[in-house]
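Note that UniProt numbering has the sequence shown beginning at 1, numbered continuously upward.
Taking it in order: structure first as structure tokens, then the write-up.
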Amino acid sequence: MLANNTLKGDEDCLFANVYTPHLPELSRPATAGLPVMVFIHGGGFSTGSGDDDIYGPSYFMDEDVVLVTFNYRLNTFGFFTTHDAAAPGNYGVLDQVLLLQWVQDNIAAFGGDPHAVTIFGESAGGASVSLLVLSPLAKGLFHHAITQSGTALASWVLGSPENNAAEKLAGLLDCSTEDVAAMVECIREQPWEKIAEHTKTLQPGFQDQLRVDREAENPLIPEDPHLLLARGEFNLVPWMIGLTEEEGALFVPLLFSNKQVVEALSKGNLSEWVQAADMITASGVNKLDCGADPMKEAKRVYDFYFGDRGANASGLLPLVQGWADRHLVSPMVAEMTLASQHAPVYKYLLDYSGPGRLSLAHVDLFWPGVPDYGTTHGDDILYLFSNDKLPLVQRGSPTHTMVRFMVNVWTTFARTGRPGSDVLPMPDWPVFTELHQRHMRLNAAPSVGERLFQERIDFWKTVPINEPWRHPVEDGLCLEGPNPEGGEQPDGDQ
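Have a look at this one:
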């Protein structure tokens with residue numbers, strides 16, 4: 001399924017692409033294989049593929065590595081669940097586990113070393129990497145991990161039984177919901193094209209229905225991710241985690257495609273702002289966090305980012321940052337902080353603004369005069385993979401140097417478990433710790449920074465959203481329920 005709600009492909013979609021600089025020669029004695037890099041594509045768990053039209057291998061083939069890209073089941077086909085044994089769910093990530101098992105069994109035939117496997121992914125693919133780091137099913141199947149702009153601790157990853165769409169889909173397909181097992185069987189008997197068509201209009205869908213399954217015999221995610229990280233109960237491998245400078249810029253056109261909402265924002269209508277920005281909603285502030293008042297918290301967020309300026313066409317940067325801070329930046333830093341107590345973690349920030357970046361591609365969707373906000377969600381892909389929609393970068397150009405640098409950082413990490421590069425002068429890359437929280441800025445002149453976006457992250461820690469990056473989701477402090485007056489109850493987690 002494509003992002004514009006058109007269908008491309010087939011239900012029989014589980015294919016892998018293996019790219020290697022050279023195949024082993026059977027006539028020669030066996031030698032150590034090359035490092036293997038397995039990439040997991042993004043697309044919100046609902047769109048995308050591992051095809052080479054976006055994830056081409058050309059840049060990686062300049063390094064001695066074997067690259068694997070692949071498809072996994074998406075949306076309804078990958079994450080349909082009834083939150084019980086009838087349809088346990090998590091199928092899309094289980095596909096990823098199966099692919100890694102296949103790599104272990106077969107990659108030597110392509111010149112790869114099954115004992116030197118690095119998984120990396122962007123956006124939903126980055127969240128997938130985090131989930132695989134947490135999953136006991138993936139133990140021993142990889143040896144390094146790179147998470148790009150995603151995390152298992154974000155609200156858009158793990159689903160809630162309250163938001164289950166199974167019965168809604170059953171109704172669209174004329175399947176009875178009286179018996180869950182019969183309902184699931186009825187849905188599975190439908191033509192895949194029919195299921196896909198209804199999936200396009202299903203809200204909410206299944207893309208955010210990954211499950212923590214404490215009762216399964218061999219669970220993918222056996223416990224709340226926050227608890228697994230805090231206890232060190234995950235795959236203890238070197239882990240590189242990073243994001244782009246303005247993650248939210250890519251999503252502003254989507255948030256502001258409604259002209260009526262834009263007008264309301266210009267007038268300072270808070271309720272319309274909440275609807276457009278998806279910062280704080282009734283479902284975003286869970287009753288387990290002391291029944292916090294969504295509109296009160298929304299005003300706090302609005303005041304923190306906009307102050308007296310208001311949300312208007314000439315000042316969208318606060319919205320860009322606020323959206324990203326809740327949904328990516330704060331959860332990712334929480335993940336790094338917890339994981340770094342038990343395994344080596346390396347943080348980066350990509351802030352190189354080259355031609356072809358995605359924020360430029362969306363400028364025509366903004367209002368006239370709205371500035372380009374620079375490096376955004378997905379821009380890292382431009383410096384790692386060749387893309388059919390863009391020409392190969394010209395050798396000797398600044399962007400070509402950035403491509404060589406980024407690919408070399410990624411492949412050096414795959415070889416050694418420590419990121420670095422000899423393409424550009426750069427300082428030693430420090431390990432991320434809770435005390436210093438250092439990171440490497442990836443640009444034409446790499447440098448080390450500390451406590452990135454700290455004030456904004458500290459603010460979100462005070463917003464009582466019941467999400468796994470703040471605390472285990474089912475360990476809320478006010479189990480007696482929300483305050484009937486709509487305000488906060490005393491002794492809350494603030």
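All residues carry an ideal CB built from backbone N, CA and C; glycine is no exception.
> How long is the line joining the alpha carbons of histidine 83 and threonine 76, rounded to whole angstroms?
Replying inline: For the purposes of this step, residue 83 is taken as residue 83 along the sequence shown, with counting starting at 1. For the purposes of this step, residue 76 is taken as residue 76 along the sequence shown, with counting starting at 1. Straight across, the Cα-Cα distance linking histidine 83 with threonine 76 is about 14 Å.
>> Our contact map puts leucine 202 next to leucine 169 with C-beta atoms below 8 Å; I'd like the distance itself, whole angstroms only.
In response: By one-based count along the sequence shown, residue 202 stands at place 202. By one-based count along the sequence shown, residue 169 stands at place 169. So it is a contact: roughly 6 Å between Cβ atoms.
>> Extract the residue ranges of the alpha helix (DSSP H) inside the segment 413–467, only unbroken runs of 4 or more that lie entirely within it.
In response: Within the segment 413–467, the complete alpha helix (DSSP H) runs of at least 4 residues are 454–460.
> For the beta strand (DSSP E) that asparagine 106 lies in, which residues bound it at each end?
Replying inline: Numbered from 1 along the sequence shown, position 106 holds the residue referred to as residue 106. Counting along the chain, asparagine 106 falls outside any beta strand (DSSP E), though it belongs to the alpha helix (DSSP H) covering 91–106.
>> Run through the DSSP bridge pairs and tell me what leucine 349 is partnered with.
In response: Here the question's residue 349 lines up with position 349 in the sequence shown. Residue pairing by DSSP places leucine 349 opposite Leu243, Arg441 in a beta bridge.
>> Using 8 Å as the cut-off, can you tell me whether the segment 28–48 makes contact with the segment 113–123, which would need three or more C-beta pairs spanning the two stretches below that distance?
In response: These segments touch.
>> Quick check on the DSSP output: the alpha helix (DSSP H) that includes aspartate 303 runs from which residue to which?
In response: Looking up residue 303 in the sequence shown gives position 303. Counting along the chain, the unbroken alpha helix (DSSP H) around aspartate 303 starts and ends at 294–306.
> Rounded to the nearest angstrom, how far is the Cβ of tyrosine 59 from that of valine 407, given a contact under 8 Å?
Replying inline: For the purposes of this step, residue 59 is taken as residue 59 along the sequence shown, with counting starting at 1. For the purposes of this step, residue 407 is taken as residue 407 along the sequence shown, with counting starting at 1. Right, the Cβ-Cβ distance comes to about 5 Å (below 8 Å), so this counts as a contact.
>> Check whether the segment 391–399 and the segment 96–112 are in contact - that is, three or more C-beta pairs closer than 8 Å.
In response: Output reads no: the segment 96–112 does not touch the segment 391–399.
> According to the neighbour-count rule (16 or more other Cβ atoms, all chains shown, within 10 Å of its Cβ), is proline 57 buried or exposed?
Replying inline: Translated into the one-based positions of the sequence shown, residue 57 becomes position 57. Proline 57 is buried by the Cβ-count criterion.
> With a CB to CB cut of under 8 Å and the five nearest residues on each side skipped, what residues in its chain are close to cysteine 186?
Replying inline: Here residue 186 is taken as the residue at index 186 of the sequence shown, counted from 1. Same-chain partners within the cutoff: Ala170, Leu173, Cys175, Ser176.
> Nearest-angstrom Cα distance between asparagine 483 and serine 340?
Replying inline: In the sequence shown, the residue the question calls residue 483 occupies position 483. In the sequence shown, the residue the question calls residue 340 occupies position 340. With a pLDDT of 36 at asparagine 483, under the threshold of 50, the predicted position of this residue should be treated as unreliable, though the coordinate-derived value follows. Spanning the two alpha carbons is a distance of roughly 37 Å.
>> DSSP three-state label for phenylalanine 39, please.
In response: Against the sequence shown, residue 39 aligns to sequence position 39. Strand at phenylalanine 39.
>> Count Cβ pairs between the segment 327–334 and the segment 141–154 that sit closer than 8 Å; are there 3 or more?
In response: Yes: the two stretches touch, three or more of their Cβ pairs being nearer than 8 Å.
>> Measuring alpha carbon to alpha carbon, tell me which residue in Gly112, Arg470, Trp460 is nearest alanine 32.
In response: Along the sequence shown, one-based indexing puts residue 32 at 32. Nearest option by C-alpha distance: Gly112.
> Just checking my contact of valine 38 with isoleucine 119 at CB under 8 Å: how many whole Å lie between their CB atoms?
Replying inline: Locating residue 38 in the sequence shown gives position 38, where the first residue counts as 1. Locating residue 119 in the sequence shown gives position 119, where the first residue counts as 1. Valine 38 to isoleucine 119, Cβ: 5 Å. Contact.
> Where DSSP assigns a beta bridge to valine 18, which residues make up the other side?
Replying inline: Numbered from its first residue, the sequence shown carries residue 18 at position 18. Answer is Val68, bridged to valine 18.
> Looking at the structure shown, is glutamate 122 part of a helix, part of a strand, or coil, going by DSSP?
Replying inline: Start at 1 with the first residue of the sequence shown, and residue 122 comes out as number 122. It is a strand residue.
> What residue ranges within the segment 128–181 form continuous alpha helix (DSSP H) runs of no fewer than 4 residues, ordered along the chain?
Replying inline: Qualifying alpha helix (DSSP H) stretches, in chain order: 166–172.
> Got a sec: does the ligand FMN put a non-hydrogen atom nearer than 7 Å to the Cβ of alanine 16?
Replying inline: Among the ligands in the structure shown, none appear at all, so the ligand FMN cannot be discussed.
> For glycine 78, which of helix, strand or coil comes out of DSSP?
Replying inline: For the purposes of this step, residue 78 is identified with residue 78 of the sequence shown, where counting begins at 1. Reduced to three states, the DSSP call for glycine 78 is helix.
> Does the beta-carbon distance from proline 21 to aspartate 64 come in below 8 Å?
Replying inline: Your numbering for residue 21 matches position 21 in the sequence shown. Your numbering for residue 64 matches position 64 in the sequence shown. Their beta carbons are under 8 Å apart, which means proline 21 touches aspartate 64 by this criterion.
> Based on the DSSP output, what are the partners of leucine 34 in its beta bridges?
Replying inline: On the sequence shown, residue 34 is found 34 positions in, with the first residue counted as 1. In the DSSP secondary-structure assignment, leucine 34 is bridged to Gly112.
> Just the Cα atoms here: how many angstroms apart are residue 501 and leucine 14?
Replying inline: Since the first residue shown for the chain is 1 and the last is 494, residue 501 is missing from the structure and cannot be characterised.
>> Measuring only the C-alpha atoms, how far is aspartate 95 from serine 128?
In response: Working through the sequence shown from its first residue, we reach residue 95 at position 95. Working through the sequence shown from its first residue, we reach residue 128 at position 128. When rounded, the separation of the alpha-carbon atoms in aspartate 95 and serine 128 is 11 Å.
> Nearest-angstrom Cα distance between glycine 50 and tyrosine 72?
Replying inline: Position 50 of the sequence shown, counted from the first residue, corresponds to residue 50. Position 72 of the sequence shown, counted from the first residue, corresponds to residue 72. Rounded to whole angstroms, the separation of the alpha carbons of tyrosine 72 and glycine 50 is 9 Å.
> With distances taken from CA atoms, which of Phe70, Ile107, Phe110 is nearest glycine 92?
Replying inline: To locate residue 92, count along the sequence shown from 1; it is residue 92. Nearest Cα to glycine 92 within the set Phe70, Ile107, Phe110: Phe70.
>> Based on DSSP bridge pairs, tell me the residues matched to glycine 56.
In response: Residue numbering aside, residue 56 sits at position 56 when the sequence shown is read from its first letter. Paired residues: Ser386.
> threonine 199 lies in the alpha helix (DSSP H); which residues open and close that run?
Replying inline: Reading the sequence shown from its first residue, position 199 is the one you call residue 199. Per DSSP, threonine 199 belongs to the alpha helix (DSSP H) from 192–199.
> By a C-beta neighbour count over all protein chains shown, 10 Å radius and 16 as the cutoff for buried, is glutamine 454 buried or exposed?
Replying inline: Locating residue 454 in the sequence shown gives position 454, counting from the first residue. Label assigned to glutamine 454: exposed.
> So what's glutamate 11 in DSSP terms, helix, strand or just coil?
Replying inline: By one-based count along the sequence shown, residue 11 stands at place 11. In this structure, glutamate 11 counts as coil in the three-state DSSP scheme.
> Name the DSSP beta bridge partners of valine 117, please?
Replying inline: By one-based count along the sequence shown, residue 117 stands at place 117. In the DSSP assignment, valine 117 is bridged to Val36.
>> What does the alpha-carbon distance come out to for the pair arginine 188 and leucine 74?
In response: Here the question's residue 188 lines up with position 188 in the sequence shown. Here the question's residue 74 lines up with position 74 in the sequence shown. If I take the Cα positions, the gap works out to 15 Å.
> So glutamate 193 and proline 464 are in contact, right, with Cβ under 8 Å, and what is the actual spacing, rounded?
Replying inline: Taking the first residue of the sequence shown as position 1, residue 193 is located at position 193. Taking the first residue of the sequence shown as position 1, residue 464 is located at position 464. So it is not a contact: roughly 43 Å between Cβ atoms.
> Would leucine 365 be called buried (16 or more neighbouring beta carbons within 10 Å of its own) or exposed?
Replying inline: Along the sequence shown, one-based indexing puts residue 365 at 365. Summary for leucine 365: the model assigns pLDDT 41, below 50, so the residue's position carries little reliability, and this model does not support an answer.
> Where does proline 318 land, buried or exposed, given buried means 16+ other C-beta within 10 angstroms?
Replying inline: The residue you call residue 318 lines up with position 318 of the sequence shown. Counting of Cβ neighbours within 10 angstroms places proline 318 among the buried residues, the total reaching 16 or more.
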